[in-house]
Amino acid sequence: MPDAGVEAARRRRGPHRGALRSGRRSRRTQRSRHGAAGDRRLPAPAVARPPGARSPGGGGPRGRQGRARGRRRRGAPAPAGGPGIPVSGNPSGGARPAGGGATATAAVRGAGWVTAGIASQRVIQTGALLLLARLLVPEDFGLVAVAMLVLSFAMRAKSLGLQTALVQYGGDVGTAADSALILNAGITVAVLAVIVLISPLASAWFEDPRAGLILVVMSLRLIPQAVAAVPSALAVKALKFRKVALITVAESVTTAAVAVTLAFHGLGAWSLVAGSLAGAVLSAVLWWLPPMWRPSLRMNRDVLGELLGTGVRIWSSGNLAYAIDSANRLFMGRFLGVPTLGLYDVVSRFVHTPLQSLLGVSDRVALPAYCREQADRKLLGRWVLRVTGLLMLVTTLVAGTLFFYADILVPVLIGSRWVPVVAPIRVLTPLVLLFPLLSMAPVYIAVGRTGLLLRFTAVRAVVTIAALYWASHQSLVAVCAVESASVALFALVNLWLVLRILDLGVGQLLRSLVLPAAG
Numbered sequence: 001m002p003d004a005g006v007e008a009a010r011r012r013r014g015p016h017r018g019a020l021r022s023g024r025r026s027r028r029t030q031r032s033r034h035g036a037a038g039d040r041r042l043p044a045p046a047v048a049r050p051p052g053a054r055s056p057g058g059g060g061p062r063g064r065q066g067r068a069r070g071r072r073r074r075g076a077p078a079p080a081g082g083p084g085i086p087v088s089g090n091p092s093g094g095a096r097p098a099g100g101g102a103t104a105t106a107a108v109r110g111a112g113w114v115t116a117g118i119a120s121q122r123v124i125q126t127g128a129l130l131l132l133a134r135l136l137v138p139e140d141f142g143l144v145a146v147a148m149l150v151l152s153f154a155m156r157a158k159s160l161g162l163q164t165a166l167v168q169y170g171g172d173v174g175t176a177a178d179s180a181l182i183l184n185a186g187i188t189v190a191v192l193a194v195i196v197l198i199s200p201l202a203s204a205w206f207e208d209p210r211a212g213l214i215l216v217v218m219s220l221r222l223i224p225q226a227v228a229a230v231p232s233a234l235a236v237k238a239l240k241f242r243k244v245a246l247i248t249v250a251e252s253v254t255t256a257a258v259a260v261t262l263a264f265h266g267l268g269a270w271s272l273v274a275g276s277l278a279g280a281v282l283s284a285v286l287w288w289l290p291p292m293w294r295p296s297l298r299m300n301r302d303v304l305g306e307l308l309g310t311g312v313r314i315w316s317s318g319n320l321a322y323a324i325d326s327a328n329r330l331f332m333g334r335f336l337g338v339p340t341l342g343l344y345d346v347v348s349r350f351v352h353t354p355l356q357s358l359l360g361v362s363d364r365v366a367l368p369a370y371c372r373e374q375a376d377r378k379l380l381g382r383w384v385l386r387v388t389g390l391l392m393l394v395t396t397l398v399a400g401t402l403f404f405y406a407d408i409l410v411p412v413l414i415g416s417r418w419v420p421v422v423a424p425i426r427v428l429t430p431l432v433l434l435f436p437l438l439s440m441a442p443v444y445i446a447v448g449r450t451g452l453l454l455r456f457t458a459v460r461a462v463v464t465i466a467a468l469y470w471a472s473h474q475s476l477v478a479v480c481a482v483e484s485a486s487v488a489l490f491a492l493v494n495l496w497l498v499l500r501i502l503d504l505g506v507g508q509l510l511r512s513l514v515l516p517a518a519g
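In terms of this note's numbering, the sequence shown opens at residue 1 and continues consecutively.
Structure, rendered in structure tokens:
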């Protein structure tokens with residue numbers, strides 16, 4: 001055993017030696033800090049603090065701000081309630097990029113991912129269709145088309161704009177996500193019950209007992225869609241478009257693989273049903289890996305009321321725009337005949353489909369980017385002008401190509417029997433040119449002016465539908481002329497409203513339109 005006196009002496013010397021070592025280390029640290037910069041000033045004397053007290057930089061507002069700045073520089077996620085997505089009990093929601101430049105970069109990359117995802121989806125769907133067309137009969141496609149017609153209406157009716165409202169919401173997103181998830185689940189259950197009740201009517205209407213059963217089974221896809229609705233909205237809000245694109249492609253591949261495999265084994269229409277369900281289930285699972293927030297079964301009535309108020313206005317505006325196109329086709333089919341409606345459908349594929357693809361990518365990326373910078377109107381205004389200028393550049397090229405080369409493109413692409421659609425296509429070129437000035441709903445949503453958006457869309461719907469009713473008694477060219485005139489009129493009104501909302505001048509707008517063309 002060690003001698004007790006030696007052990008006592010060691011204990012007496014220990015603190016002093018530790019203090020000496022600490023002093024030498026602190027002096028070396030001070031010399032390295034001040035000597036490297038050539039600063040020979042003596043360090044400030046140390047201030048004695050009681051045991052357990054925090055250093056001046058470790059606590060208080062300044063210390064917290066410094067740590068927050070350090071986290072942003074390192075790209076670490078912000079704590080709940082900070083600049084990232086506020087979550088309920090889970091601070092891993094992801095940090096909001098600091099500054100408009102980071103958001104703009106993420107939006108540009110997101111546009112690339114969205115474009116790649118949509119293009120891949122179209123290629124996969126087209127390839128699957130070519131294979132399924134050889135394995136199935138038209139009756140199989142018709143039965144599934146009946147179910148999809150009902151489900152499309154049901155999905156449009158039950159959405160209530162909640163996903164878009166969640167993207168726009170600027171408060172505690174965790175609480176909003178919980179409320180939206182619970183409400184969406186309740187609405188889905190109610191819609192499923194209604195579909196089960198009306199399914200016998202589908203069998204009676206189409207005189208096929210399989211129609212009702214296929215409708216009921218297909219409606220089960222509403223469940224995984226409801227499960228995926230909130231996390232997919234949060235991913236869009238966080239500009240995680242890479243995840244959006246990858247899940248879109250994975251769902252398309254699964255749907256196609258299951259449908260083609262089962263069709264090869266002779267399951268007929270049920271192969272299409274199974275493929276649709278398999279893709280929806282896989283998509284729902286992937287959206288929760290990893291979870292964007294930790295859900296709870298708590299619903300905040302105030303937050304839910306705000307989401308519903310915003311969502312219903314957005315939903316109503318979208319339905320009014322949808323009503324314009326539906327009324328147009330309804331009037332033409334009734335007064336100009338089904339053959340003319342068929343011609344218009346071909347015209348639409350040349351004119352409206354490219355516009356929908358272009359603006360679909362733009363709006364999907366612009367909405368969350370605008371919402372993230374909704375407090376900075378100057379920055380938001382610059383972004384709107386830049387995006388509008390670039391879209392106008394593309395639509396100018398498309399409109400010019402259609403106007404000057406429609407008589408060449410139509411016979412080459414679809415055959416000489418479709419030459420009658422050349423004149424309507426040329427009449428619709430002003431619509432192609434000016435449509436970006438009309439498609440600015442993300443601006444209204446981002447700044448919280450959804451009520452103004454609804455009123456504007458309602459007036460546009462009433463005027464346009466009335467004019468289309470008159471034109472449908474004349475000719476297809478008259479209908480197309482009314483469409484172009486309506487877009488020209490309301491694009492100017494819409495532009496005036498947006499310029500006022502963002503406090504922008506006409507000169508700024510003209511420069512944004514001229515500079516992309518000059519570049």
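Every residue, glycine too, gets a C-beta built ideally from N, C-alpha and C.
Keep in mind that this is a model prediction, so the values were computed, not measured.
If you keep only unbroken alpha helix (DSSP H) runs of at least 4 residues inside the region 274-320, you get nothing at all.
Under the 8 Å Cβ criterion, the region 306-318 counts as touching the region 449-457, having at least three qualifying pairs.
Note on the region 171-208: whole alpha helix (DSSP H) runs with a minimum of 4 residues are 173-205, in chain order.
Residue burial annotation: L166 is buried, with at least 16 other C-beta atoms found within 10 angstroms of its C-beta. Put simply, the region 273-286 touches the region 210-227. At least three CB pairs are less than 8 Å apart. By the C-beta density criterion, Y444 is buried, having at least 16 other C-beta atoms within 10 angstroms. Classified as exposed, V506 has fewer than 16 neighbouring CB atoms from the shown chains inside 10 Å of its CB. Inclusion of P430 and V477 in the CB contact set at 9 Å is not warranted, their separation being larger than that value.
Our two residues, G381 and A176, have alpha carbons roughly 28 Å apart in a direct line. Between the beta-carbon of I465 and that of A321 there is about 11 Å, and that puts the pair past the 8 Å contact cut. Taking a contact to require three or more Cβ pairs closer than 8 Å, the region 387-400 and the region 126-141 do not qualify as touching. Burial state of R221 is buried, judged by a 10 Å Cβ sphere holding 16 or more other Cβ atoms. Assignment of D376 by DSSP, reduced to helix, strand and coil, places it in the coil class. In this model, D503 and G117 are separated by some 35 Å (Cα to Cα). Annotation: the continuous alpha helix (DSSP H) that includes M148 extends over 138-159. Assigned with DSSP and collapsed to three states, R449 falls in coil, not helix or strand.
According to the DSSP assignment, R426 belongs to the alpha helix (DSSP H) that extends over 422-427. In chain order, M218 place their CB closer than 8 Å to the CB of M148, counting only its own chain and leaving out the 5 sequence neighbours on each side.
L409 and P291 have their C-alpha atoms spaced approximately 48 Å apart. Under the three-state reduction of DSSP, L239 is assigned to coil, being neither helix nor strand.
When the alpha-carbon of S271 is set against those of T353, T103, L129, V498, the nearest one is in L129. Looking only at I182, L437, L492, the smallest Cα-Cα distance to S296 is reached by I182. In terms of Cβ geometry, T254 and G275 form a close pair [threshold 9 Å].
Taking 9 Å as the cut-off, the beta carbon of Q168 is found closer than this to the beta carbon of L367. For the pair of segments examined, the region 102-118 was found to touch the region 238-252: the number of CB pairs separated by less than 8 Å reaches three. Of the residues assessed, A471 falls on the buried side of the cut-off, its CB having 16 or more other CB atoms within 10 angstroms. Secondary structure note for L495: its alpha helix (DSSP H) is the uninterrupted segment 476-502.
With a cutoff of 9 Å on beta-carbon distance, A491 and L434 are scored as near each other. Going by beta carbons, L454 and R334 fall outside the 9 Å limit.
Comparing alpha carbon positions, the residue from S179, F141, V189, N300 closest to A154 is V189.
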